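Chains as they are written, first to last, in UniProt numbering: chain A, 1 to 539; chain B, 1 to 218.
One structure below.
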Amino acid sequence: MYQDTFEDDDLIAEVELVTQDSFTENNDLDDGFEAEVSLSAQPSSVQIPDGVRNFILYFYRCVLENNVYDLHSVYDNSFNKLTNKYYQKQPWPEAEVIAPLVKDDQVFLTLYRELYYRHIYARLQPTWEHRVRSYENYCDLFNYILNSDGPVNLELPNQWLWDIIDEFIFQFQSFSNYRDRLRNKSEEEWSLLRDNPQIWSCYSVLNVLYSLIQKSRIKEQLLANKNGGDVAEAAGEYGARPLYKMLGYFSIIGLLRVHCLLGDYMLALKMMDNIVLNKKAMFARVTACHVTTFYYVGFAYMMMRRYADAIKAFSTVLSFIQRTKQYHSRSYQFDQIAKKGDQMYALLAICVALCPTRLDESIHSQLREKYGEHLFKMQKGDEALSVFEELFHYACPKFISATGVNLNKSPSDAFIDPNQNQIKIFIADVSNQIMLPTLRSFMKLYTSMGIDKLAMFLDMDAEELKMHLMVLKQKSRQLKWSNGDVLEGDYVATSDLNFCLKQDVVHIAESKVGRRYADWFLRNINRCEDIVAELEQKA
Amino acid sequence: MASVTERPESIQKLIDGVERYNPENLEVLEAYLDNQCKNGTYDLMANLAILKLYQFNPTKAKDNVVVSILAKSLTAIPSPDFNLCLYLLSERSTGVTQLTTLQQLLEQSNYAKFWTLYNDSTYKQLTSQVAGFEDAIRQLIARVITMSHQSISASVVQKYLALTGDAFTKFIQEQQWSQQGDVVVIPVNKDNEAKAIVVRENIKFEQLTKVIGYSNEM
């Protein structure tokens, strides 16, 4: 599942993918836009700067021609450059304003509006109007893609397709949070919310994602891929086209995310059936998608108490981010990825505190740097629970409730905030284990000890100690993934401390991992030989 | 982690597809839960599907169904099933809170207190729908004891299991433990053995062939 032995050529492969994504060798294109910049830098509501006008015309041409390659650079680079130049604090011109430039092409205008609203959500504060219109725009877009006669003849870059799904869910999340914060709402807002239950409803979001999956038959394709069957046949008419295939695939990741936000972790992981988590998977083609996938998979594992699996997921993706950091720093998504990386370090700290495991050296040093003190506090003492809570609060996704608050009740009626709900359950779980690190550290010092004596050291009575010992035993066993689908696993021992109780005496044994010389030497010998052979060839 | 004995195909199809969101299927799933309660089987995914439908249709939520699902998931400890169910609940009725108290006691391995609380009639009533609840809990406790002890005094075991006399002796025999005086001896298994293990590398000859090949060329 995780191909951990990254050789140099693997890194080159990753770098190639990434540099393609942030292709910036298009200075000539940019010059084209800037060449005829009008003198006024502040566009009025009707006047569009020439640079922007040319951009839109070029953009439109790329969409018409299905020129995915140029479209990618337009989308990734030029749009952001122009945003930074002209539209840092104000929205792009409305679709109606640019409509004459593109001959009122509705499809293009729908795509344009997607970017328009995304910009508003990112840089400005969306109003109720914006939320509704954006929702309707997404409905139009998905309607067009899903319900036209036959598959549509449109090609968009993968990055954009992922961003569409990602933003769709993000706006849904944003709306749910807005809806549930009732305290400062005016009567007008209340009635708007009450009269429009279908706007950003949970059902419609799920409907879109499931429909994309069904239309593209991505599940059948993945199954055929896994079993070596005929993928083309499994794909059907829609699924064979990259637009549908990728939207279907990204919808799976989208559902993974939505189910986590609703608190259904088992179903979230079930969505990932037949997807293997290695770097050849389709989600690795778009970095943001790659990071998001691992974040939610790791989070779901953690909530299902599969700490060992969560640690592995987080470690894998954090290594990936670290290794490819220098290639990402130019991308506009760098901040988002860095933030997610930070959150994952926090979650990793929680998991390591609950299930001590050896980590990869570079990850371990980063973790110590960021959360060393937190780790220390979580394993001893009285502040442990509050540290757990603080880290969880920082790193967890913003949960949503499926139906939101009952708008017909007054705000003083009890409404369980989904965030509070999840945190409370998690902390209750952790509080049952809070003594374990101290217990473990004492036990590592002895091979056998009477219960009474140990209880005295720990300042508790013998009965309580016996309970903690039984809890420790139970927590030393977890479901751990070894092969197959993401949800599967075997119960294995995950702790290096073994003990047993013989009446009132504890017998303890620690298992050690021998140093792995052979693996390291073998790898480096092979590498050395390769280098020598290369040098000899060149000589 | 489908902890299921035998899931009928109709239920499998239901929870695999989008039909799981159709509130009209609630009856089917609730009837299946009823079956589980009567026959002692257990199907986590189907029960989670019920809770999810309740999440989306709070007006259809039935407290006694939620309580039965939670009671069933108590028998699956140390699996996190109970918590997975709690995550999906958007309301806490008194029944749920009481079951949560029981769950915490079990998770803390505080078995003596668990039985004391359980024998209070309000608590017992919550799990009355689930056939074989007490047996299942006893099995769970026995598992934990088997994992962590090689020998344990009989009075302690009686306290943990809330069994005495003949019922106790019968239980011991079923678990294949043996009683010597007032100590219960548990056979050695892989969990309750305190053996020091050194995890060493296992290098196979094939992995060395390349290196040996290089040395040949020198």
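Using N, Cα and C, we set each Cβ at its ideal position, and we do this for glycine too.
Predicted model only: the values in this text are computed from it and were never measured.
Inset, instruction - Measuring only between beta-carbons, confirm whether A:Arg-527 sits less than 8 Å from chain B. - result: Not an interface residue.
Inset, instruction - For B:Gly-181, count neighbouring Cβ atoms within 10 angstroms of its own Cβ and tell me buried if that reaches 16, exposed if not. - result: exposed
Inset, instruction - State the start and end residues of the unbroken beta strand (DSSP E) segment that holds A:Asp-490. - result: 490-493
Inset, instruction - Could you list which residues in chain A have their beta carbon closer than 9 Å to that of B:Gln-180, in chain order? - result: Those within 9 Å of B:Gln-180 in chain A number zero; the least Cβ separation is about 11 Å.
Inset, instruction - Within the stretch 228-260 of chain A, note down every full alpha helix (DSSP H) run reaching 4 residues or more, in order along the chain. - result: 231-239
Inset, instruction - To the nearest angstrom, report how far apart A:Ala-308 and B:Val-198 are at their CA atoms. - result: 20 Å
Inset, instruction - Report all residues from its chain with a CB closer than 7 Å to the CB of A:Leu-101; omit the five preceding and five following residues, and keep chain order. - result: Within the same chain, and ignoring the five residues on either side of A:Leu-101 in sequence, the residues whose Cβ sits closer than 7 Å to its Cβ are Arg-53, Ile-56 and Leu-57.
Inset, instruction - Give every residue of the same chain whose Cβ lies closer than 7 Å to the Cβ of A:Val-286, excluding the five residues on either side of it in the sequence, and list them in chain order. - result: Asn-158, Gln-159 and Trp-162
Inset, instruction - Would you tell me roughly how many angstroms separate the C-alpha atoms of A:Ile-451 and A:Val-505, rounded to the nearest one? - result: 6 Å
Inset, instruction - Could you spell out where the beta strand (DSSP E) holding A:Glu-510 opens and where it closes? - result: Counting along the chain, the beta strand (DSSP E) containing A:Glu-510 begins and ends at 505-510.
Inset, instruction - Return the bridge partner residues of A:Cys-500 from the DSSP annotation. - result: A:His-507
Legend entry - Own chain residues within Cβ distance below 8 Å of A:Ile-434, not counting five before or after: Ala-384 and Leu-385
Legend entry - 8 Å Cβ cutoff met for A:Ile-165 and A:Ser-73: no
Inset, instruction - Starting from the Cα of A:Asn-274, find the closest Cα among A:Met-302, A:Lys-280 and A:Lys-219 and give me that residue. - result: A:Lys-219
Legend entry - Within-8 Å CB hit, A:Met-266 to chain B: yes
Inset, instruction - Anything in chain A within Cβ reach of B:Phe-56, meaning under 8 Å, just list it in chain order. - result: Cys-202, Tyr-203, Ala-402 and Thr-403
Inset, instruction - Just tell me which of A:Asp-530, A:Tyr-327, A:Asn-432 and A:Asp-490 has its CA closest to the CA of B:Val-211. - result: Restricting attention to A:Asp-530, A:Tyr-327, A:Asn-432 and A:Asp-490, the CA atom closest to the CA of B:Val-211 is found in A:Asp-530.
Inset, instruction - If I'm right that residue 540 of chain A touches A:Gln-88 with Cβ under 8 Å, what's the distance once you round it to whole angstroms? - result: With chain A covering only 1 through 539, there is no way to say anything about residue 540 of chain A.
Legend entry - DSSP bridge partner residues for B:His-149 (one or two, in chain order): A:Leu-501
Legend entry - Unbroken alpha helix (DSSP H) run spanning A:Leu-448, endpoints: For the sequence presented, residue 448 of chain A should be read as Ser rather than Leu. Taken as a continuous stretch (DSSP letters only), A:Ser-448 belongs to no alpha helix (DSSP H), being part of the beta strand (DSSP E) at 448-450.
Legend entry - Amino acids of chain B, ordered along the chain, whose beta-carbon sits closer than 7 Å to that of A:His-507: Ala-194
Inset, instruction - Please state if the CB of B:Ser-90 and the CB of B:Asp-63 are separated by a distance shorter than 8 Å. - result: A distance of 8 Å or more separates the beta carbons of B:Asp-63 and B:Ser-90.
Legend entry - 6 Å Cβ shell around A:Thr-357 - same chain, five flanking residues per side excluded: Ile-311
Legend entry - Unbroken beta strand (DSSP E) run spanning B:Lys-184, endpoints: Note that residue 184 of chain B corresponds to Val in the displayed sequence, not to Lys. Run containing B:Val-184: 183-185, per the beta strand (DSSP E) assignment.
Inset, instruction - Return the residue from the list A:Gln-125, A:Val-352 and A:His-393 that minimises the CA-CA distance to A:Ser-315. - result: A:Val-352
Inset, instruction - Taking only beta-carbon positions, decide if A:Ile-120 is within less than 8 Å of chain B. - result: No, A:Ile-120 does not count as interfacial toward chain B.
Legend entry - Chain-ordered residues of the stretch 281-306 of chain A with a beta carbon less than 9 Å from chain B: Met-303, Met-304, Arg-305 and Arg-306
Legend entry - Partner residues on chain A for B:Ser-90, Cβ-Cβ distance less than 7 Å: Ser-401 and Ile-416
Inset, instruction - Give every residue of the same chain whose Cβ lies closer than 6 Å to the Cβ of A:Trp-200, excluding the five residues on either side of it in the sequence, and list them in chain order. - result: Cβ-Cβ distances below 6 Å link A:Trp-200 to Tyr-135, Phe-172 and Phe-175 in the same chain, with the five nearest sequence neighbours on each side left out; the list follows chain order.
Inset, instruction - Report the neighbours of B:Arg-200 on chain A: residues whose CB is nearer than 8 Å to its CB, in chain order. - result: Gly-514, listed in chain order.
Legend entry - Under 7 Å from the C-beta of A:Ile-425: neighbouring residues of chain B: Asn-83, Leu-86 and Tyr-87
Legend entry - Simplified DSSP assignment, three categories, for B:Gln-180: The answer is strand: DSSP assigns B:Gln-180 an E or B state.
Legend entry - Beta-bridge pairing of A:Lys-480 - partner residues as DSSP gives them: A:Asp-490
Legend entry - Alpha carbon of B:Glu-206 to alpha carbon of B:Asp-191, nearest angstrom: Cα-Cα distance, rounded: 34 Å.
Legend entry - Simplified DSSP assignment, three categories, for B:Val-188: coil
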